[in-house]
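Heads up, the thing below is written out as structure tokens.
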Amino acid sequence: MSSQLRTQISKAKRIVVKVGSSSLTTAQGGIDTQRILALVEALAKHKNTGHEIVLVSSGAIAAGLSPLGLTSRPKELSLQQAVASVGQGLLVQRYAESFAKHGITVGQVLLTAEDMSRRSHYRNAQRTFAKLLELGVVPIVNENDTVATDEIRVGDNDRLAGIVTHLINADALVLLSDVDGLMTAPPSQAGAKLISEVKSFDDISQVQLGGAGISGVGTGGMSTKVQAARIATAGAVPTIVTSAQNLTSVFEGQDVGTIFWPSKEKLSARELWLAHATDVRGSIVIDQGAVMAVTEKRASLLPAGIKNVKGEFEAGDAVEVVSESGKIVGRGLVNFDSIELPNLIGKNTASLMQEFGEGYDREVIHRDDLVLIDEQAVKN
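Going by the UniProt record's numbering, the first residue of the sequence shown is number 1, and it counts up by one from there.
Right under this line is the structure:
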């Protein structure tokens, strides 16, 4: 079955490829032109045989270091953003020049978490990608580091790649790293072996996942790639994690890297958006009775089952639904502001109607706006 999945990925009509800074940089931390040329050559060859490619690329900060006389990734947020501003244009220029040698046009797409979390922005992004692909363009996608605030953190572009996979209805996801794939132990340890396939994420629950890449200019590590694989496979999209040097082998269906099996129970597009693309504004703690109601009976969440409210949010925002033991049960769109909910806690709809009037007898989260999720799938 693993070989069939690899063949499936090699034949995928629409594929998302994510490359990190560590796969694009020199030992000194600057952008490596030869690596970009090799990456683009593999992508262009695959595209010119009838496949659609979307490239999620980190590297804006790495590209901006040298022009500004810097030798390492800055820690100060404002300086990170300034470096990204300089580097993003240079990075896309490198890609544009490299793809042009193969007769391919690229388009820059900069996204933030807000673009993904707001449904209207999300759908607009879908239309933009669809038109770019229709025109034969290769979209170059990156987190918008210049304007992002807490979005500049470990793993954003890995997570972004998983979300983009669903956003464009891709058939496969390839996550490129500076190592061969997921290992049984950190690659630096003696005896570490490549894990060829992951059928269930429970199978790798005890695997020690590493941090950022060896280049020192990236932010993602194997942990964030596993999270991205969770996001993609939840939508029944097969995913491979491997070294950037193995990309051509991936396109040929060879046995390289770690392949993650797609989930048998595919979430709907709306459920995937709720589970992975929304920006959580707070959380609602519910009692065990409510946990059973929303998980086993797939019921709406009512005020009677609420024990506590955390964070500040408005009606229509996404919140996490959490058990009293702290386990994440689901994520949904709330119908009340956080300032209203404390007055509703533990009360049934009849008493709320009598006390507050019409409109307060509705669900806190309607079942159509609530998705049950694997707790591990949303941890960063």
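Every residue, glycine too, gets a C-beta built ideally from N, C-alpha and C.
Could you give the first and the last residue of the continuous alpha helix (DSSP H) run that contains residue i?
| i | result |
| --- | --- |
| Thr33 | 33 to 47 |
| Phe356 | 349 to 356 |
| Ala185 | Per DSSP, Ala185 belongs to no alpha helix (DSSP H) and is neither H nor E. |
| Ala277 | No alpha helix (DSSP H) holds Ala277; DSSP gives it neither H nor E. |
| Asp115 | 113 to 117 |
| Leu65 | 60 to 65 |
What do you get for residue i, buried or exposed, if any count of 16 or more other CB atoms within 10 angstroms of its CB means buried?
| i | result |
| --- | --- |
| Thr49 | exposed |
| Ser57 | buried |
| Ile339 | exposed |
| Ala212 | Its pLDDT being 47, under 50, Ala212 is placed unreliably in this model, and the value from its coordinates should be taken loosely. Counting Cβ neighbours within 10 Å, Ala212 comes out buried, since at least 16 surround it. |
| Asn124 | exposed |
| residue 386 | Any answer about residue 386 is impossible in this case: the structure gives the chain only from 1 up to 380. |
| Pro67 | exposed |
| Ala27 | exposed |
| Ser23 | buried |
| Gly342 | This sequence places Pro at residue 342; Gly is not what is there. Pro342 is exposed by the Cβ-count criterion. |
| Gln208 | exposed |
| Gln81 | buried |
| residue 381 | Because residue 381 is not part of the residues shown, which for the chain are 1 to 380, the question remains open. |
| Gly359 | exposed |
| Leu77 | exposed |
| Ala113 | buried |
| Leu302 | buried |
| Ala130 | exposed |
| Lys47 | buried |
| Gly311 | exposed |
| Thr165 | buried |
| Arg6 | buried |
Per DSSP, what kind of secondary structure is residue i in: helix, strand or coil?
| i | result |
| --- | --- |
| Pro139 | strand |
| Leu55 | strand |
| Asp368 | helix |
| Ile214 | Residue confidence is low: Ile214 scores 42 on pLDDT, short of 50, so the model does not pin down where it sits. Its coordinate-derived value is still stated next. In the structure shown, Ile214 sits in coil (DSSP, three-state: anything other than H, G, I, E or B). |
| Ile240 | strand |
| Ser3 | helix |
| Gly282 | strand |
| Ile324 | Per the sequence shown, residue 324 should be read as Glu rather than Ile. DSSP places Glu324 in coil when its eight states are reduced to three. |
| Val86 | helix |
| Gly330 | strand |
| Gly346 | coil |
| Phe260 | strand |
| Gln108 | strand |
| Ala228 | helix |
| Gly289 | helix |
| Glu296 | helix |
| Gly162 | helix |
| Ala100 | helix |
| Ala130 | helix |
| Thr26 | coil |
| Val207 | coil |
| Leu301 | strand |
| Ala234 | helix |
| Ala315 | coil |
| Leu70 | coil |
| Ala172 | strand |
In the DSSP assignment, find the beta strand (DSSP E) that holds residue i and state where it starts and stops.
| i | result |
| --- | --- |
| Val179 | Element bounds for Val179: n/a, residue is neither H nor E. |
| Val309 | 306 to 311 |
| Ile15 | 14 to 19 |
| Val250 | Run containing Val250: none in the beta strand (DSSP E); it sits in the alpha helix (DSSP H), 247 to 251. |
Identify which residue in the options has its Cα closest to the Cα of residue i.
| i | options | result |
| --- | --- | --- |
| Asn246 | Asp287, Ala269, Gly257 | Gly257 |
| Ala42 | Arg73, Ser10, Val319 | Ser10 |
| Ala63 | Asp32, Val54, His46 | Asp32 |
| Gly69 | Gly87, His276, Val322, Leu55 | Gly87 |
| Ala12 | Glu52, Arg281, Val40, Ala60 | Glu52 |
| Asn335 | Ser323, Asn348, Val322, Asp317 | Asp317 |
| Glu320 | Glu296, Trp261, Ala277 | Ala277 |
| Lys193 | Lys199, Met183, Phe201, Asp202 | Met183 |
| Gly103 | Phe356, Val40, Gln354 | Val40 |
| Arg281 | Leu372, Ser2, Asp337, Ser263 | Asp337 |
| Val54 | Glu134, Ser120, Glu363 | Glu134 |
| Ile259 | Leu274, Gly235, Ala229, Lys75 | Ala229 |
| Val83 | Ile61, Ser351, Ala315, Gln93 | Ile61 |
CB of residue i to nearest heavy atom of the ligand SAM: below 6 Å?
| i | result |
| --- | --- |
| Val40 | Absence of the ligand SAM is noted for the structure shown, with no ligands found whatsoever. |
Notebook entry, point to check: Contact between the segment 32 to 46 and the segment 88 to 106: three or more CB pairs below 8 Å?
Noted result: Between the segment 32 to 46 and the segment 88 to 106, the count of C-beta pairs closer than 8 Å reaches three or more; the two stretches touch.
Check: Is the segment 137 to 146 touching the segment 102 to 122 in the sense that three or more CB pairs, one from each, lie closer than 8 Å?
Finding: Contact between the segment 102 to 122 and the segment 137 to 146 is present: three or more C-beta pairs spanning the two stretches fall below 8 Å.
Notebook entry, point to check: Can at least three beta-carbon pairs, one atom from the segment 155 to 163 and one from the segment 219 to 228, be found at a separation below 8 Å?
Noted result: With the cut-off at 8 Å, the segment 155 to 163 and the segment 219 to 228 touch.
Margin query: I'd like to know if the segment 173 to 189 and the segment 234 to 254 are in contact, where contact means that at least 3 CB-CB pairs between them fall below 8 Å.
Written below: Yes: the two stretches touch, three or more of their Cβ pairs being nearer than 8 Å.
Notebook entry, point to check: Do three or more CB pairs link the segment 5 to 19 to the segment 247 to 256 at distances below 8 Å?
Noted result: With the rule of 3 Cβ pairs closer than 8 Å, the segment 5 to 19 counts as touching the segment 247 to 256.
Note to self: With three or more beta-carbon pairs closer than 8 Å as the criterion, would you say the segment 323 to 336 touches the segment 290 to 304?
What the structure shows: Counting C-beta pairs closer than 8 Å gives three or more between the segment 323 to 336 and the segment 290 to 304, which meets the contact rule.
Notebook entry, point to check: Do the segment 180 to 194 and the segment 261 to 272 make contact, defined as three or more Cβ pairs closer than 8 Å?
Noted result: No: the two stretches stay apart, fewer than three of their Cβ pairs being nearer than 8 Å.
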